[in-house]
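Engineer: In my numbering, the protein residues as written are 482 to 806.
#1: So, for residue 543: in the same chain, excluding its five sequence neighbours on each side, which residues have a beta-carbon less than 7 Å away from its beta-carbon?
#2: Would you check if there are 3 or more beta carbon pairs closer than 8 Å linking the segment 689–702 to the segment 614–625?
#3: Please state the DSSP three-state secondary structure of residue 806.
#4: For residue 484 and residue 545, what's the separation of their Cα atoms in angstroms?
#5: Could you please give me the residues that DSSP links to residue 571 through a beta bridge?
#6: With a CB to CB cut of under 7 Å and the five nearest residues on each side skipped, what residues in its chain are close to residue 486?
#7: Across the segment 706–719 and the segment 643–653, are there enough close Cβ pairs to call them in contact, namely three or more that are closer than 8 Å?
#8: Taking the alpha carbon of residue 607 as the point to measure from, which residue in 715, 519, 615 has its own alpha carbon closest?
#9: From which residue to which residue does the alpha helix (DSSP H) around residue 715 run?
#10: Looking at the structure shown, is residue 699 part of a helix, part of a strand, or coil, going by DSSP?
#11: So what does DSSP say about residue 509, is it helix, strand or coil?
#12: Compare the beta carbon distance of residue 629 and residue 743 with 9 Å and say whether it is the shorter of the two.
#13: If residue 584 and residue 738 are in contact, beta carbons under 8 Å, what's the gap, nearest whole angstrom?
#14: Please state whether the Cβ-Cβ distance between residue 673 and residue 665 is less than 9 Å.
#15: Starting from residue 566, trace the alpha helix (DSSP H) in both directions and tell me its first and last residue.
#16: With distances taken Cα to Cα, identify the nearest neighbour of residue 569 among 577, 626, 596, 490.
#17: Quick one, are the C-beta atoms of residue 807 and residue 640 less than 9 Å apart?
#18: Near residue 694, what residues of its chain come up, given a Cβ to Cβ distance below 6 Å and the 5 sequence neighbours on each side ignored?
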């Protein structure tokens, strides 16, 4: 699992951490620790000494959003603290500042038409692909778009948590180990009814809503991401004049489209934002309004009126936070 000079300590530390973390948290922590392990192997100046120079080199090698870098540094800091308690002389860096630098990509209505048309007409080319993909992919895409779901929580929906009579989904153990109830539109409910009947899973009390046709368990979220990326590439959908740290088009952006359209719909209906936004935050399963604010951070050139309206709402609601330690 680990191969650097500190492979033994990394293995022992991760084993301890794994006992207290959720599955998703373990995966993230393992990824960060492995990257640190690879840095120690490839760094020509690292002979096992973890002084300030070596740690600064490692931090300079990190890429991505500032919040992602912060998370990675926090994980490695904890491991370094573990080494220090074991008697190893190490330098423990400060946690870097988090900047509000995230800009999501929002699909235009024309791009959405292209994406859904392509999703409805996909064909199976590879014998290694899941045979259920062609039936499940269009439904999964519409669930994410119409309900603002994450891909991970979508593929893990259990059939017993689908209430078609009331048009409601029950999501269990989602991000942050949360549970939440998600109402569906009548149109989305009707699509699920037809899908469930076609798949022959109507009346089942156990099993996945989106089962795999190749193995026990649900369809792979990786397979859905790959197919979506193929559609984007084939359709030529890519960001034009993208800004630094602006997220390019990807599957998760369907959730951002839902958030924006929900906000815009509430605004057009004349609903007060101080009523609409907190409900949207709960619906999306966010911990705070700050998370929802990031979901509504779009290009001022594309959506000037909605950006101004949300900016007025957020002004004074959230204090300026400098994550400096």
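All C-beta atoms in this analysis are idealised placements derived from N, C-alpha and C, irrespective of residue type, glycine included. As the structure is a prediction and not an experimental result, all values here were calculated from the model.
Structural biologist: Answer, in terms of the structure:
#1: Only residues of its own chain outside the window of five on either side were considered, and among them 550, 553 have a CB closer than 7 Å to the CB of residue 543, listed in chain order.
#2: Segments in contact, yes.
#3: Summary for residue 806: the model assigns pLDDT 32, below 50, so the residue's position carries little reliability, and this model does not support an answer.
#4: Distance between the alpha carbons of residue 484 and residue 545 is about 25 Å.
#5: Looking at the DSSP output, residue 571 bridges to 531.
#6: By the criterion of a C-beta distance shorter than 7 Å, residue 486 is surrounded in its chain by 521, 529, once the five residues flanking it on both sides are discounted.
#7: In short, these stretches do not touch, since the Cβ pair count stays below three.
#8: That would be 615, whose Cα lies nearest to the Cα of residue 607.
#9: Element bounds for residue 715: 702–716.
#10: DSSP, reduced to helix, strand and coil, places residue 699 within a strand of the structure shown.
#11: Residue 509 falls in the helix class under three-state DSSP.
#12: Going by C-beta atoms, residue 629 is nearer than 9 Å to residue 743.
#13: So it is not a contact: roughly 14 Å between Cβ atoms.
#14: For residue 673 and residue 665, yes; Cβs fall inside 9 Å.
#15: From DSSP, the alpha helix (DSSP H) with residue 566 extends over 547–566.
#16: The residue with the shortest Cα to Cα distance from residue 569 is 490.
#17: Look at the range of the chain in this structure, 482 to 806, and you will see that residue 807 is not part of it.
#18: So the list reads 611, 612, 613, once near-sequence residues are dropped.
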